[in-house]
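Count along the sequence shown from 1, add 1, and you get the number used in my numbering.
The block underneath contains the structure these notes are about, expressed in structure tokens.
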Amino acid sequence: MEKYERISPGAFDRIFNMAAERQQFDHEEKMSTIAASQNRVDKTYRNAMVAMPMAFMLCFSLIVAGVYLIITGHSLAGTLFGTPAFIAVLRYFLGPVKLSKNKDRPPVNNQDNNK
């Protein structure tokens, strides 16, 4: 510090102030990035909270329309309307299910066993 002051009076203070300003800038930049990220998460959450009930109402309406068509004698049309909607609602409530026939089978070794 003393060498800096001898070479250029006030140099230490200027260097210290520059470091403090840089730290403040980095902090503000990081906080704005966090705020922008939080805004994106909030918007995604709000969109999902609107989309899920609307999709459920659409599927429920298609199921009701399918049942009505089946009752009125239009079984093919009713099945075509109701079945996909019913499967969509069922899939939503069951959650992601892996459909694998070989889940208990050990992994296959790709090496040549004829040695």
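Idealized CB from N, CA, C, for every residue including glycine.
- Collapsing the DSSP output to three states places Thr-73 in coil.
- His-75 and Arg-41 have their C-alpha atoms some 46 Å from each other.
- Lys-44 and Ser-38 have their C-alpha atoms some 10 Å from each other.
- Here Gly-11 carries a coil assignment [DSSP, helix/strand/coil].
- C-alpha of Leu-81 to C-alpha of Leu-91: approximately 16 Å in a straight line.
- Residue environment for Ala-86: buried (at least 16 other C-beta atoms within 10 angstroms of its C-beta).
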